[in-house]
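Trainee: Heads up, the sequence shown is in the working numbering, so the first residue is 1 and it goes up one at a time.
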Amino acid sequence: MNKSQHIRSRSDWLVLILLLLGAVVMLFPLIILTMNAFKTIGDYNAAGPLTLPAHPTMSGIVGFWKTSNFPVKFGNSLLISLIVAVLGVVISVLNSFALGIGKVKGNRWIILAIMLANMMPQEALLFPIYTMFKQVGLYNTQLSIIIIFTIIQSAYGTYLLSSVYGTFPQAILEASTIDGASRWQTLIKVVLPISWQTISVLFVFFFVWTWNEYMIPMAFLMDDSTQTVPLALATLQGQHTMDATTLASASLLSLLPTILFFIIFQRKLNQGIVAGAVK
1 MNKSQHIRSR
11 SDWLVLILLL
21 LGAVVMLFPL
31 IILTMNAFKT
41 IGDYNAAGPL
51 TLPAHPTMSG
61 IVGFWKTSNF
71 PVKFGNSLLI
81 SLIVAVLGVV
91 ISVLNSFALG
101 IGKVKGNRWI
111 ILAIMLANMM
121 PQEALLFPIY
131 TMFKQVGLYN
141 TQLSIIIIFT
151 IIQSAYGTYL
161 LSSVYGTFPQ
171 AILEASTIDG
181 ASRWQTLIKV
191 VLPISWQTIS
201 VLFVFFFVWT
211 WNEYMIPMAF
221 LMDDSTQTVP
231 LALATLQGQH
241 TMDATTLASA
251 SLLSLLPTIL
261 FFIIFQRKLN
271 QGIVAGAVK
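1) Put Ala181 into one of helix, strand or coil per three-state DSSP.
2) Starting from Glu123, trace the alpha helix (DSSP H) in both directions and tell me its first and last residue.
3) Which whole-angstrom value is the C-beta distance of Ile101 and Val191, which I expect to be below 8 Å?
4) Helix or strand or just coil, what does DSSP make of Pro56?
5) With three or more beta-carbon pairs closer than 8 Å as the criterion, would you say the stretch 219–236 touches the stretch 130–146?
6) Are three or more beta carbon pairs between the stretch 87–100 and the stretch 124–135 nearer than 8 Å?
7) Thinking C-beta only, is Asn36 closer than 8 Å to Ala248?
8) If we count Cβ pairs, one from each stretch, closer than 8 Å, do we get three or more for the stretch 182–191 versus the stretch 62–81?
9) Which residue from Gly180, Phe28, Thr186, Thr246 puts its Cα closest to that of Ile41?
10) Using 8 Å as the limit for Cβ to Cβ distance, is Ala232 near chain C?
11) Inspect the beta-carbon positions of Val208 and Thr258 and report whether they are closer than 8 Å.
12) Could you give the distance in angstroms between the alpha-carbon of Asn107 and the alpha-carbon of Gly88?
13) Specify the secondary structure class of Gly166 as computed by DSSP and reduced to three states.
14) Would you kindly report the start and end of the unbroken alpha helix (DSSP H) that includes Gly42?
15) Note down the Cα distance separating Gly22 from Phe28, rounded to an integer number of angstroms.
16) Buried or exposed for Ile76, going by 16 or more other Cβ atoms inside 10 Å?
17) With the cut-off set at 8 Å, would you say Ile111 and Leu99 are in Cβ contact?
18) Counting only runs of 3+ residues fully inside the stretch 195–258, write out the beta strand (DSSP E) ranges in chain order.
19) Considering Cα atoms alone, identify which of His55, Pro71, Ser59 is closest to Ser280.
20) Near Pro121, what residues of its chain come up, given a Cβ to Cβ distance below 6 Å and the 5 sequence neighbours on each side ignored?
21) Output yes or no for whether 8 Å exceeds the beta carbon distance between Leu33 and Leu252.
22) Give the DSSP-derived three-state secondary structure of Leu20 in the structure shown.
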């Protein structure tokens with residue numbers, strides 16, 4: 001008995017060590033990026049990228065903050081990403097409830113069409129949506145980006161949640177119907193509480209995916225006051241000769257919001273993934 005416990009203990013330590021090594025490998029680029037963000041260009045040229053900063057400074061971060069008008073672009077990205085994440089989740093839930101539980105006629109064909117739409121590259125959509133939004137007067141507005149990515153994200157969310165709701169226990173739905181619950185009450189009081197963990201995962205993914213989008217915002221947002229954080233990096237790099245430390249500072253500032261978002265919602269994300277695995 002003691003021997004088996006000893007073996008399990010050693011295996012646990014081995015797993016922990018392997019996980020720590022994997023974490024170090026995954027975090028290594030971020031660690032290097034952070035070190036170089038606080039270096040002077042002289043430190044970088046003298047010692048290279050793999051050393052600690054000899055004279056730590058925030059000049060690169062401050063310079064990028066001022067030159068790129070970062071607070072405005074940060075606010076734009078935050079606003080767009082939050083609205084898209086919320087609307088994408090709401091539309092995904094409503095669509096999936098109708099297709100997966102409501103059993104809309106031809107739901108399998110509808111889900112197949114949504115899946116095929118998800119497989120279509122954004123490059124193929126760029127010209128048609130550019131022409132359409134140009135004609136309706138929404139070009140160079142944040143509303144155009146919100147509409148586009150809400151549709152894109154909700155299409156993926158509908159495909160994912162429809163498969164989850166399609167296997168929803170019928171006994172629970174029948175019990176709510178017997179109790180006199182309407183469709184809307186069934187969705188709010190029965191379906192949502194059970195699937196909340198999966199929905200929270202979608203919310204996190206929608207936010208991060210929208211935050212990191214570059215190509216469509218680049219084609220639609222021309223004014224500096226409407227642009228997002230990824231465009232700040234590209235615009236700054238195109239307008240100025242950037243040294244490695246300034247580039248590291250800009251990249252670190254661009255990554256920090258999504259890192260903080262993951263940390264804040266880490267528990268919900270883990271619970272949602274585990275819940276999905278169990279289902």
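Using N, Cα and C, we set each Cβ at its ideal position, and we do this for glycine too.
Mentor: Reading from the atomic positions:
1) coil
2) 122–136
3) The pair is a contact, with the Cβ atoms about 7 Å apart (cut-off 8 Å).
4) coil
5) yes
6) no
7) yes
8) Three or more Cβ pairs closer than 8 Å define a contact, and the stretch 182–191 falls short of that threshold against the stretch 62–81.
9) Thr246
10) Note that chain C does not occur in the displayed structure, where there is just one protein chain.
11) yes
12) 20 Å
13) coil
14) Where Gly42 is concerned, the enclosing alpha helix (DSSP H) stretches over 41–47.
15) 10 Å
16) Here the sequence assigns Asn to residue 76, which means Ile is not the residue at that position. Buried is the call here.
17) Closer than 8 Å, so yes.
18) none
19) A query on residue 280 cannot be resolved here, the shown segment of the chain reaching from 1 to 279 and no further.
20) Answer for Pro121: no residue qualifies.
21) yes
22) helix
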